[in-house]
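Accompanying notes for the structure given below.
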Amino acid sequence: MAGILIDKVAKQFGNAVALQEISLTVADGEFVALLGPSGCGKTTLLRIIAGLEVQSSGKVVIGERDVSALKPSERGLAMVFQNYAVFPHMTVFENVAFGLRMKGAGQARVEAQVRKAAALLHIEEYLGRYPAKLSGGQRQRVAVARALAVEPAVLLMDEPLSNLDALLRLEMRAELRSVLREAGTTTIYVTHDQTEAMGLADRIAVMHGGHIVQIDTPTTIYSKPATRFVGGFVGSPPMNFVNTTATAGSARLGGITLASPVDGPIILGFRGEDARLTDAASGMPFKVKVAEPMGSHLLLTGHVGDDLARIVAPSSTRIGAGATLGLALDPTRIIWIDPQTGRTHPGA
Amino acid sequence: MPQPRWLPYLLIAPSVAFLAAFFLVPLGQTILLSFDGGQGFSLANYARMAGDLNFPTALRNTFALVIVVIPLQVALALVMGLMLQKMTRGRELVLWIWTIPLGVSDLAAGLVWLAILQDSGYLNTLLFQFGLISGPTAYLNSETPIALFFAVVLAEVWRATAIVLIILVAGIQLIPKEFGEAADIFGASPWTKFRKITLPLLKPSLQSALILRTVLAFEVFAVVYALGGRNFPIIVGEAYTWQNENQNYGVAAAYAVLVMAISLAATVIYLKALRVDPEAQA
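See below:
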């Protein structure tokens, strides 16, 4: 068990900057997700922590030990790859045993550890088989078992569920969470899927353009995004942004008035499920363009002024395209964004 | 529009007919010829082949060449292929240069090495200029069988390692780089990684390369003839001599059948020895 300290790690590939001075602390036993769109540098950061890539500057500390110059195998970590990287020419047993064998563990310990990891991931019955006979989900279990069998201080996962189909991904997500809770391993998990990050992580580090834009608990990331980018990237539907102008400390939107932190042009951010539907006169006017029944809720897409907005309404609501409604907002469930910087005004 | 079921057969018919006419028929004729003693079936041609003064030498020389050349080529090609994999820039150029010998005909390759190694060749000129030898020294006649053997080995390695290299490079590229990275993470040394990951996953390519290269090595002819003439008897060389100089087609056919039998046996051995369990494949 060990915490991780990433201190001003930067990486350039030739002239292209992949990471710009990233600093991040992960507590012992914590599960942190690196979340971001492709090309944001999340995988590069993970590979630097693993030692598969060398940072241009900065250092990586795992459990008080500076591992920046150490080989991957000397860092006390294990990794699960996006394409599983389960060795096809070895049985499941030998795959799970691989790390132990490389560390020179005796046969008794190998047996014990493999059985333990296999039991945790429910793959005992496949131990004698070759990976070619297994489904994608089963192979990913093998990859996770192989990583956990060495009882690593740190577990790195690179989009481990992205090659699985949707249903299996949901199932594996829940299972990964319980398995990793039980193992108590410090985990860094790279994903571009915000639901995965929300569901699994203790904290999420949202990355964009080689930076960590925000690092916080899933609920805070969701309800109080630090920038417009985070609000738009996290959550489905994404956060709504409405351009408005504030005067004398408040912004008037149709029938509602909201206190704003500064005067002048400003962007109001709110979640689609935080808006309550009222009649057009008493709320913020919302013109519905499309109404999509999603089963659990009704998704309304339309405009507030010139800005696109998506509202989550109860599934029992009877609203068709073309209707104009009013939206009421809870002042504690909104954010204000500076249109110049794209950053959220603090404390708002 | 549904395709008629006979269409695939119709489409492959020309190539089957071609192979049958120009490969299977001559093969059958050669086999028949080798057993034809003038009055029906006879082993006379084989008896004459085995009784020939050069036969044991030719057999020994050919096998010695195969046993030395093939492992050397495979080892070299493996090292070269893995080095290529590590390169980030200029890979294509290096691979291209390494495969140039493939474009040279085997007779031309033999002549190139003859120009280097003969009495008045480049090697002797160089050694003479450095004062290491006092005059033209022969390496390629019957008095220097070991030097001649290694000259042939050298020329064969130069000429035909690239075909093994190309097959192995293709195979190496098929191995996802994550396998190597996973091995690194879990603490495999470079040697262990090569032995436990790269080599087993390369088995299908190794098998193809070995079969192709071994069959061709048993048929080695032009390089040997250019360098040593009849000073270094080999099986196909003997077949050539019986066919063209002795005008005895029956014994030549017996030699041809012998080469075919050896090649088939080598192929079967490789197929068995390097068999990949279909379950254990990627």
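If you're matching them up, the sequences are chains A and B in order. The first sequence begins at 511 in the numbering used here and counts up by one. The second sequence begins at 11 in the numbering used here and counts up by one. Positions of the beta carbon are idealized from the N, C-alpha and C atoms, including for glycine.
Measuring only between beta-carbons, confirm whether residue i sits less than 8 Å from chain A.
i      : result
B:T147 : no
B:P18  : no
B:G100 : no
B:A192 : yes
B:L211 : yes
B:A290 : yes
B:T277 : no
B:F7   : Residue coverage of chain B in this structure runs from 11 to 292, which leaves residue 7 of chain B outside it and unanswerable.
B:F189 : yes
Measure from the C-beta of residue i to each C-beta in chain B and report whether the shortest distance is under 8 Å.
i      : result
A:N593 : yes
A:A858 : Low confidence applies to A:A858: its pLDDT is 48, below 50, so where it sits in the model is not reliable, and the reading given next is rough at best. It does not: the Cβ of A:A858 has no partner Cβ on chain B nearer than 8 Å.
A:Y640 : yes
A:M589 : yes
A:M667 : no
A:G539 : no
A:F608 : yes
A:L562 : yes
A:K552 : no
A:P670 : no
A:H599 : yes
From which residue to which residue does the beta strand (DSSP E) around residue i run?
i      : result
B:I207 : Element bounds for B:I207: n/a, residue is neither H nor E.
A:F597 : Note, A:F597: premise wrong, no beta strand (DSSP E); not H, not E.
A:F523 : I514 to F523
A:T509 : Shown here, chain A extends from 511 to 858; a query on residue 509 of chain A therefore has no answer.
B:P12  : Taken as a continuous stretch (DSSP letters only), B:P12 belongs to no beta strand (DSSP E), as it is neither H nor E.
A:S533 : A526 to V536
A:K552 : From DSSP, A:K552 is part of no beta strand (DSSP E) but of the alpha helix (DSSP H) over K552 to A560.
A:Y699 : T696 to T701
Output the boundary residues of the alpha helix (DSSP H) element that contains residue i.
i      : result
B:I279 : Y259 to A283
B:G38  : V35 to S44
B:M93  : F65 to K96
B:K213 : K213 to F228
B:W168 : P155 to L184
A:G709 : Q704 to L710
B:F189 : K187 to I195
A:L671 : Looking at the DSSP string, A:L671 is not in any alpha helix (DSSP H), and its letter there is neither H nor E.
B:Y132 : Y132 to Q139
A:Q617 : Q617 to L630
B:N55  : A54 to G61
Assign residue i to one of two classes, buried (16 or more other C-beta atoms within 10 Å of its C-beta) or exposed (fewer than that).
i      : result
B:V35  : exposed
B:Q183 : exposed
B:Q139 : exposed
A:S826 : exposed
A:V577 : buried
A:G875 : Residue 875 of chain A lies beyond the residue range present for chain A, which begins at 511 and ends at 858; the question has no answer from this structure.
B:F228 : buried
B:W16  : exposed
A:D675 : exposed
A:A629 : exposed
B:E191 : buried
B:M97  : exposed
A:T842 : exposed
Interface residues of chain A around residue i at Cβ under 8 Å?
i      : result
B:Q186 : Looking at the sequence provided, one finds Pro at residue 186 of chain B rather than Gln. Here the neighbours are N593 and A595.
B:T202 : M612
So which residues of chain A does residue i contact, with C-beta pairs closer than 7 Å?
i      : result
B:A198 : M612
B:I182 : Under the 7 Å cutoff, chain A gives no residues; its nearest Cβ is about 15 Å from B:I182.
Residues of chain B with CB under 8 Å from residue i, in chain order?
i      : result
A:T583 : Inspection of the sequence shows that residue 583 of chain A is occupied by Ser rather than by Thr. Under the 8 Å cutoff, chain B gives D194, I195, F196, G197 and A198.
A:K643 : E289
**Message:** Any C-beta of chain B within less than 7 Å: which residues of the region 834–850 of chain A qualify?
**Reply:** none
**Cβ-based contacts, 8 Å cut-off: residues of the region 648–665 of chain A near chain B** = R656 and V660
**Prompt:** What residues in the region 204–228 of chain B bring their beta carbon closer than 9 Å to a beta carbon of chain A?
**Reply:** K206, I207, P210, L211 and K213
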